[in-house]
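Notes follow once the structure below has been shown.
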Amino acid sequence: HVGRLPVAFHDAKKTGELVSRIMSDVEGIRNLIGTGLVELAGGLLTAALAFVVLMWLSPPMTLLTVGCLGAFGVVLFQGLRVLRPIFRQRGEIYADVTGRLTESLGGVRVVKGYHAEAREAAVFAGGVRRILDNVFRTLGTTSLLSLASTVLLGVGGAAVMFLGAREILAGRMTVGEFFTYTMVLGFLVGPFFQIAGIGSQLTEALAGLERTRDVLRERPEDEDPRRTVSLSEVRGDVEFEDVRFSYTEEGEPVLRGVSLQSRPGTATALVGPSGAGKSTIIGLVCAFHSPQSGRVLVDGVDLTTVRLDSYRRRLGVVLQETFLFDGSIRENVAFARPEARGEEIEEACRLAHVGEFALDFADGYDTIVGERGVRLSGGQRQRVAIARAILADPRILILDEATSSLDSESEALIQEGLAWLMGGRTTFVIAHRLSTIRRADQILVVEKGEIVERGTHGELLDAAGRYHAMYTTQHGLTSNLFLAPGEEARGAPGKEGEDRQPA
Ligand code: ADP
408 HVGRLPVAFH
418 DAKKTGELVS
428 RIMSDVEGIR
438 NLIGTGLVEL
448 AGGLLTAALA
458 FVVLMWLSPP
468 MTLLTVGCLG
478 AFGVVLFQGL
488 RVLRPIFRQR
498 GEIYADVTGR
508 LTESLGGVRV
518 VKGYHAEARE
528 AAVFAGGVRR
538 ILDNVFRTLG
548 TTSLLSLAST
558 VLLGVGGAAV
568 MFLGAREILA
578 GRMTVGEFFT
588 YTMVLGFLVG
598 PFFQIAGIGS
608 QLTEALAGLE
618 RTRDVLRERP
628 EDEDPRRTVS
638 LSEVRGDVEF
648 EDVRFSYTEE
658 GEPVLRGVSL
668 QSRPGTATAL
678 VGPSGAGKST
688 IIGLVCAFHS
698 PQSGRVLVDG
708 VDLTTVRLDS
718 YRRRLGVVLQ
728 ETFLFDGSIR
738 ENVAFARPEA
748 RGEEIEEACR
758 LAHVGEFALD
768 FADGYDTIVG
778 ERGVRLSGGQ
788 RQRVAIARAI
798 LADPRILILD
808 EATSSLDSES
818 EALIQEGLAW
828 LMGGRTTFVI
838 AHRLSTIRRA
848 DQILVVEKGE
858 IVERGTHGEL
868 LDAAGRYHAM
878 YTTQHGLTSN
888 LFLAPGEEAR
898 GAPGKEGEDR
908 QPA
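Everything in the sequence shown is counted per the working numbering, starting at 408 for the first residue and increasing by one.
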């Protein structure tokens with residue numbers, strides 16, 4: 408269910424927080440059903456039978472006992488009512504702490520790079536303290552509950568003894584009957600104490616259930632009743648009609664009336680400064696979001712009416728942050744199509760030039776890449792991602808070109824793999840390299856959520872507008888921005904990081 412929720416949901420949640428919900432809250436529910444409820448049901452059944460027997464043995468003593476148990480029930484109910492929000496809060500603190508912990512462990516290189524281990528540890532310690540405080544708060548209430556149960560047991564027990572003794576002295580009950588009575592009484596009282604014992608466990612589970620229900624109430628993206636069209640084939644004709652979009656209802660518009668058309672099999676390069684809206688445009692092509700107004704059409708069908716499983720099957724993405732899973736190179740490539748045959752995987756690896764480095768490893772394609780591919784270099788990871796996309800054989804391809812520069816040899820290999828991959832597919836590429844931009848059938852210059860210029864490289868240079876300005880300033884100044892692989896570097900080396908694009 409969580410996997411099927413829209414990207415906007417995931418953007419708003421921390422990964423660790425979701426993991427905690429999925430694992431701990433659901434574990435609480437397992438406790439509730441697995442032990443709690445089964446024991447409780449058995450106990451209540453026993454108590455009901457015991458009640459019948461006790462009423463038959465001595466109605467006045469039984470009514471007294473039931474009165475005591477009723478009082479105990481009220482105390483228990485109140486106690487659990489106090490506990491419930493505390494448990495709910497505990498789940499939230501847990502999710503928060505797990506979320507932060509996952510982040511700081513995931514970003515361990517940044518943490519170490521800025522010598523922030525102690526600070527991160529302090530943040531974690533703060534979270535642990537909040538959990539501890541929460542536990543103390545529940546301890547107060549649970550102790551009070553067990554105190555109440557002990558007192559009531561004592562008082563109720565004494566009262567039953569007293570009444571019993573009087574009954575025996577008056578000759579209305581034999582010692583044997585009294586003995587039987589106290590034996591059966593245990594079956595009636597026992598389950599109530601059991602409820603007190605598992606009551607807090609039940610409450611915790613109920614709090615978890617509530618949180619789980621919050622997540623379950625979120626609607627999966629494909630459950631939108633408007634999504635009725637199943638695309639059996641995708642030709643790859645993509646069109647934007649005056650698309651306006653913002654990430655939040657009240658937020659600044661990120662796209663302000665974008666119209667574009669991409670014919671099947673052509674490449675569209677998006678260039679423009681950082682924050683202009685290029686990633687947002689490809690996010691809309693992937694149907695991660697839907698426009699507030701205007702339409703995104705694929706083969707003439709409004710994307711908001713298309714069944715996403717039918718569409719995304721024909722979509723391939725190679726992102727700047729090439730995400731590899733901890734497994735072998737082969738498994739990572741096969742992620743696109745797990746049922747692919749060995750030769751197909753090796754062919755994709757060959758085309759993407761993965762073989763060049765993979766076969767040098769002792770385990771070849773079976774080399775384990777480590778979490779997120781840490782054991783491979785940036786360029787190697789990109790080539791694995793390209794092989795993955797080649798194997799997927801998508802009709803529409805989304806590329807977010809890496810900004811980081813690579814040595815010209817790996818650069819050339821990546822370009823070759825990309826060229827093969829892009830051939831005959833509708834491609835949208837956030838381009839940073841001149842070679843990619845030149846190859847595109849159309850270049851869209853995006854600025855502040857609008858397309859300010861469009862055309863081919865030659866046309867845009869002739870037009871002597873924004874593109875021309877970006878091209879001339881950048882080309883003269885930086886060595887690696889608009890440089891085709893193998894071209895001689897000129898001028899000062901470019902700045903590291905995001906800015907290495909036509910800005
Ligand atoms: P580009 O890819 O051109 O660098 P983006 O499309 O990523 O630009 O971002 C365009 C604008 O949208 C930016 O102002 C950015 O802050 C905003 N933005 C991007 N992603 C989100 C998001 N998930 N939630 C809210 N705002 C976002």
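No residue lacks a Cβ here, since even glycine has one placed at the ideal position from N, Cα and C.
Counted within 10 angstroms of its Cβ, other Cβ atoms place residue i as buried (16 or more) or exposed
| i | result |
| --- | --- |
| VAL703 | buried |
| GLU728 | exposed |
| HIS912 | Only positions 408 to 910 of the chain appear in this structure, which leaves residue 912 out of reach. |
| LEU452 | exposed |
| SER511 | buried |
| VAL459 | exposed |
| GLN849 | buried |
| GLY547 | exposed |
| THR557 | exposed |
| HIS839 | buried |
| GLY583 | exposed |
| ALA870 | exposed |
| TYR654 | exposed |
| ARG618 | buried |
| PHE494 | buried |
| ALA590 | Going by the sequence as given, residue 590 is Met instead of Ala. Classification for MET590: exposed. |
| THR911 | In the structure displayed, the chain extends from 408 to 910; residue 911 sits before or after that span and is not available. |
| PHE586 | exposed |
Beta-carbon proximity list for residue i, same chain, < 8 Å, skipping 5 on both sides
| i | result |
| --- | --- |
| ILE858 | VAL665, SER666, LEU667, LEU851 and VAL852 |
| LEU820 | HIS760, GLU763, GLY786 and ARG790 |
| LEU616 | ASP432, GLY435, ILE436 and LEU439 |
| VAL518 | SER511, GLU524 and GLU527 |
Helix, strand or coil at residue i according to DSSP, with G and I counted as helix
| i | result |
| --- | --- |
| ARG720 | coil |
| SER553 | helix |
| GLU646 | strand |
| VAL776 | coil |
| ARG663 | strand |
| GLY672 | coil |
| ARG782 | coil |
| ASP709 | strand |
| SER637 | coil |
| SER700 | strand |
| LEU412 | coil |
| PHE652 | strand |
| VAL725 | strand |
| VAL460 | helix |
| LYS685 | helix |
| LEU766 | coil |
| MET580 | coil |
| ASP918 | The structure shown does not extend to residue 918, since the chain is modelled only from 408 to 910, so the question has no answer here. |
| HIS417 | helix |
| CYS693 | coil |
| GLY658 | coil |
| GLY872 | coil |
Beta-carbon proximity of residue i to residue j, cut-off 9 Å
| i | j | result |
| --- | --- | --- |
| LEU613 | LEU439 | yes |
| GLY701 | GLU854 | no |
| VAL482 | LEU552 | yes |
| LEU554 | PHE479 | no |
| PHE647 | ILE688 | yes |
| ILE793 | LEU825 | yes |
| LEU662 | GLY684 | yes |
| LEU638 | GLY723 | no |
| GLU808 | VAL836 | yes |
| VAL725 | ALA796 | yes |
| VAL567 | MET462 | no |
| ASP629 | ASP716 | yes |
| ARG507 | LYS420 | no |
| ARG642 | PRO671 | yes |
| SER735 | THR774 | yes |
Residues bridged to residue i [DSSP beta-bridge criterion]
| i | result |
| --- | --- |
| ARG861 | LEU851 |
| THR833 | ILE803 |
| SER735 | ILE775 |
| VAL678 | VAL852 |
Close Cβ partners of residue i (< 7 Å) along its chain, the five nearest in sequence each way excluded
| i | result |
| --- | --- |
| GLU778 | ASP733 |
| ILE912 | Any answer about residue 912 is impossible in this case: the structure gives the chain only from 408 up to 910. |
| LEU609 | LEU439 and GLY443 |
Neighbourhood of residue i by C-beta distance below 6 Å, restricted to the same chain and skipping five residues each side
| i | result |
| --- | --- |
| PHE695 | VAL414 |
| ILE538 | ILE500 |
| ILE602 | none |
| VAL504 | GLY534 |
| ALA454 | LEU595 and PRO598 |
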